[in-house]
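K.L.:
Following this message is one structure expressed as structure tokens.
Number of protein chains: 2
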Amino acid sequence: MPIDPALRSWIDIKPADDFPLQNLPFGIISTPDTGPRVAVAIGGYALDLYACAQLGYFDALADDLPTLGAALPRVFRRRSLNALLKLGRPVWLAVRERCAELLRYDNPALRDSELGVRACLLRRSEVELLRPVKPTNYTDFYSSLEHATNAGSLFRPGNPLLPNWRHLPVAYHGRASSVVASGTPVRRPQGQYLPAGATAPTFGPTQMLDFELEMAFVVGQGTALGSTVPLGQAESYIFGLLLFNDWSARDIQSWEYQPLGPFLGKSFASSVSGWVVTLDALEPFRVPGPAQEPAPLPYLQASGAHHFDITLEVLLQPAEAPEPTLLCRTNTQHLYWSMAQQLTHHASNGCPLAVGDLCASGTISGAAPDALGCLLELTRRGQQPLTLPDGSSRAWLADGDTVIMRGYAAREGLRIGLGEVRGTVLPAAE
Amino acid sequence: MPIDPALRSWIDIKPADDFPLQNLPFGIISTPDTGPRVAVAIGGYALDLYACAQLGYFDALADDLPTLGAALPRVFRRRSLNALLKLGRPVWLAVRERCAELLRYDNPALRDSELGVRACLLRRSEVELLRPVKPTNYTDFYSSLEHATNAGSLFRPGNPLLPNWRHLPVAYHGRASSVVASGTPVRRPQGQYLPAGATAPTFGPTQMLDFELEMAFVVGQGTALGSTVPLGQAESYIFGLLLFNDWSARDIQSWEYQPLGPFLGKSFASSVSGWVVTLDALEPFRVPGPAQEPAPLPYLQASGAHHFDITLEVLLQPAEAPEPTLLCRTNTQHLYWSMAQQLTHHASNGCPLAVGDLCASGTISGAAPDALGCLLELTRRGQQPLTLPDGSSRAWLADGDTVIMRGYAAREGLRIGLGEVRGTVLPAAE
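Chains A and B, in that order, are what the protein sequence lines are. If you use the numbering used here, the first sequence closes out at 430, no skipped numbers anywhere. If you use the numbering used here, the second sequence closes out at 1430, no skipped numbers anywhere.
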């Protein structure tokens, strides 16, 4: 249930802030003193749920939810949200509601407790934000029509969109072990590629390092082997959303990917933002998706608004640059396939979904020339390099470049932000 | 270090037995009384390592290996081998050696203890054999030249072996969450496919259910993000081998797999055998691999014998049949790419490998007409159905069919078996 847009917190929230009372995304924070803790973001602060539980602020909730009671406060002192999610959807919904209650302007319980505020509220600028979820499995979809068409035309001129694309949300299994927290530097990978004009491959640092702007959802409820998920129930399996940078080495990818799909061209790293924004928080930003033509098969036929109006941006900051440059602005509403359709399709063969699974959208591009979510598209596979304000050009990422992705939904004075995911490119290993 | 082939156990081992003293594979057994336990197989018995530890049979070892000492006996009362493996390679090597010592013919310590034998030795026929490893990640290679050529010619007539195939071990990320224990029934999946002659897909139970005969290795030592593994060290990262049935729905697969690779056509189930056979046990069966032409790039260039002479068989038993029929006999030495090459390639871009990862070989076929490891090849994509002894024919698997895969290495009186992996096809859900 979304939180009343009119409600205010006793914590001061600025209009451009990503994390008002209506957002309350979950993450894992850490300080040298405390170690990892489950937290929710509120304005410039993180509310430490372990400290809250220790001070009794979750006691009432624990009385109502026996699975939470037995797990408190232990479940909040973890390195990932997975243990909290495993307690079940009613628990994570109730925990967020309790946080909203503690933080609303007229509740003195925490607000007026000097000890409570000191123990539970940490400035976000003073804590480390870790990877929020340990990805149990990671699946990457290919859900943007514009991206699939643009990328397809570069890899397969004359044959961009394959016959299956409009019938099912195409996807592949990604590598879960290399999903890293925002801020983790990404080392330029080495690998095999076929240099232009060569007849035999070479091995060395990728010459075509790219980012991919994606959104990922976190599975909050698992399914059993052999079970399926009707489309109408799919969203209840989703805990929340993350920004996702699916770093790609285009030369390695194009040499290796036939016939079984991307492998080492992707598996060296994927970066995720630190705060998981719940679907409840995004409820006011629902929009219908694009018309699907031809109509999908019945198990994928949706009615209603299953897409979300979320603005996404990619910025690039070279090592010496004083500030980042905007490369791309697009919107998740451009996605052809909704998250619900992705999840239902994923489970349609009985494949078990697990708590902590990440399902990424694939690169999100739009129709506008500046709405392209990766350099592959922005530079037409390096043929049309971008010129940056410092006069340097980029066909692909350079060592020292920092890629920053941001996302937010905004409407009628309400702003629900996704924060950011960033990563700096390190030179290849010697 | 392999165990002296001349050594005998005080347990009676028959010549056709898969599990002599020289094998000692690891698995997870369970009884209603005990719950899951780490065990090694010896002849018709399983040695319960938790019981052994409780009775002090690992005390001497624990003194030498501090990481084991602190973990005993807890690490042996788990639902997977992962916790044991995480203690490190020296520990799992030493545990197996200690088991060999306890079981050798001239050691009275366990042999002559009535209590010890009663507590530690269970008849294999009386215990349940669980999935030995919780797969952290699962990667499927495509390492058999014969399979890649045969399968490629059916999916892409005229263009079977793609240009990259002889330069790198092609692979894709598989789905770890649907890897199941031998004996788990496999429900016929539903999915999208394009019926022959149709222009639009349909959704329903697969009409082309297949098995794939594979071997998988279990990663026993992880690597850090950004690390690579030189080929000469690759085998030390491998804990042992399993038989692997990569069930496949060919109609779903061929409709969905372009351009990102197999997804739901595979992810409904993969079955693994219950006993993980160590590389040490297979040491006497090393053989050189096939000549690789053209020579691979330096990071994949091997000298020495990195392949293994292991006979593999697939048998099919229809629901009413009194006994199974042999469909295929092949050998792992036919693989073009060795496990060491697979692992080194996998880590070459810095992708972290994790303890418990499964890396499967891809279907293992040989040159002979009866050495084909899947129905796709055996029946030429259903065009040449097999006739079974009961007169029925099979283009693809029927409901009620049980697929059994077996493997063993045998030479000069020494037989190291891999046991079997089996699964029965259940009808699709209503």
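Yeah, the Cβ is synthetic: ideal placement off N, Cα and C, and Gly gets one too. None of these values were measured; they are calculated from a predicted model.
1. Answer with yes or no whether the minimum CB distance from Glu1412(B) to chain A is below 8 Å.
2. Secondary structure at His346(A), three-state DSSP: helix, strand or coil?
3. Output yes or no for whether 8 Å exceeds the beta carbon distance between Arg131(A) and Val95(A).
4. Could you pull out every residue in the same chain whose Cβ sits closer than 6 Å to the Cβ of Gly417(A), ignoring the five residues on either side in sequence?
5. Can you name, in chain order, every residue of its own chain whose Cβ lies under 6 Å from the Cβ of Gln1207(B), other than the five neighbours on each side?
6. Can you give me the Cβ contacts of Ala224(A) inside the same chain, cut-off strictly under 7 Å, excluding the 5 residues immediately before and after it?
7. On the DSSP bridge list, what partners appear for Thr1228(B)?
8. Could you give the distance in angstroms between the alpha-carbon of Glu1472(B) and the alpha-carbon of Leu1279(B)?
9. Just reading off the alpha helix (DSSP H) that Val1117(B) is part of, what are its end residues?
10. Can you tell me whether Gly220(A) is buried or exposed, with buried defined as 16 or more other CB within 10 angstroms of its CB?
11. If the cut-off is 8 Å on Cβ atoms, which residues from the stretch 1240 to 1255 of chain B count as contacting chain A, listed in chain order?
12. Which ranges does the beta strand (DSSP E) cover as unbroken runs of at least 3 residues, wholly within the stretch 1226 to 1312 of chain B, from first to last along the chain?
13. Go to Gly69(A), then tell me how far its alpha helix (DSSP H) extends in each direction, as first and last residue.
14. Is Asn137(A) near Val355(A), with beta carbons less than 8 Å apart?
15. So, are the CB atoms of Arg1381(B) and Leu1154(B) less than 8 Å apart?
16. Check whether the Cβ of Ala1171(B) lies closer than 7 Å to any heavy atom of the ligand GDP, and answer yes or no.
17. May I ask you to list, following chain order, the residues of the stretch 1321 to 1349 of chain B that have a beta carbon less than 7 Å from some beta carbon of chain A?
18. CB Ile404(A) to CB Glu430(A), shorter than 8 Å?
19. For Ala1234(B) and His1334(B), what's the separation of their Cα atoms in angstroms?
20. For Gln317(A), which residues in the same chain have their Cβ closer than 6 Å to its Cβ, ignoring the five residues on either side in sequence?
21. Between Tyr237(A) and chain B, is any beta-carbon pair separated by less than 8 Å?
22. Could I get the ranges of all uninterrupted alpha helix (DSSP H) runs contained in the stretch 1100 to 1168 of chain B, with 4 residues as the minimum, in chain order?
23. Could you work out which residue in Gly1174(B), Ala1319(B), Ala1151(B) is closest to Ile1364(B) when comparing CA atoms only?
24. In chain order, what residues of the same chain lie with their CB nearer than 6 Å to the CB of Ala1305(B), ignoring the 5 residues before and after it?
25. Quick one: what's Ser393(A) bridged to in DSSP?
26. Using a Cβ-Cβ cutoff of less than 8 Å, which residues in the same chain neighbour Lys1134(B) once the five nearest sequence positions on both sides are dropped?
27. Should the stretch 1248 to 1266 of chain B be regarded as contacting the stretch 1161 to 1169 of chain B, the criterion being three or more beta carbon pairs within less than 8 Å?
28. Give a yes or no on whether the C-beta atoms belonging to Arg1118(B) and Tyr1045(B) are separated by under 8 Å.
29. Where does Tyr1105(B) land, buried or exposed, given buried means 16+ other C-beta within 10 angstroms?
30. Taking Cβ positions only, does Gly1226(B) come closer than 8 Å to chain A?
31. So the alpha helix (DSSP H) Tyr50(A) belongs to, where does it begin and stop?
32. Measuring CB to CB, does Ser9(A) end up less than 8 Å from Leu21(A)?
33. What do you get for Ser1303(B), buried or exposed, if any count of 16 or more other CB atoms within 10 angstroms of its CB means buried?
34. Using the beta-carbon of each residue, which ones in chain A are nearer than 7 Å to Asn1023(B)?
35. Mind checking whether Pro284(A) and Arg415(A) have CB atoms under 8 Å apart?
36. Among Leu65(A), Pro25(A), Arg74(A), whose alpha-carbon lies nearest the alpha-carbon of Arg37(A)?
P.N.:
To lay it out plainly:
1. no
2. Of the three classes helix, strand and coil, the one that applies to His346(A) here is helix, per DSSP.
3. no
4. Asp18, Tyr408
5. Only Asp1251 meet the Cβ criterion.
6. Hits under 7 Å: Pro352.
7. Its beta-bridge partners do not exist; DSSP assigns none.
8. Because chain B here runs from 1001 to 1430, residue 1472(B) falls outside it and cannot be looked at.
9. 1114 to 1120
10. buried
11. Ala1249, Ile1252, Trp1255
12. 1238 to 1245, 1270 to 1272
13. Here the alpha helix (DSSP H) through Gly69(A) covers 66 to 71.
14. no
15. yes
16. As far as ligands go, the structure on display features none, and thus does not contain the ligand GDP.
17. Ser1348, Asn1349
18. no
19. 20 Å
20. Pro324, Thr402
21. no
22. 1108 to 1111, 1114 to 1120, 1145 to 1155
23. Ala1151(B)
24. Arg1286, Val1287, Pro1288
25. Thr387(A)
26. Arg1079, Ser1080, Asn1082, Gly1356
27. no
28. no
29. exposed
30. yes
31. 49 to 54
32. yes
33. exposed
34. Chain A residues near Asn1023(B): none, gap ~30 Å exceeds 7 Å.
35. no
36. Distance check between Arg37(A) and each of Leu65(A), Pro25(A), Arg74(A) places Arg74(A) closest, using alpha-carbon atoms only.
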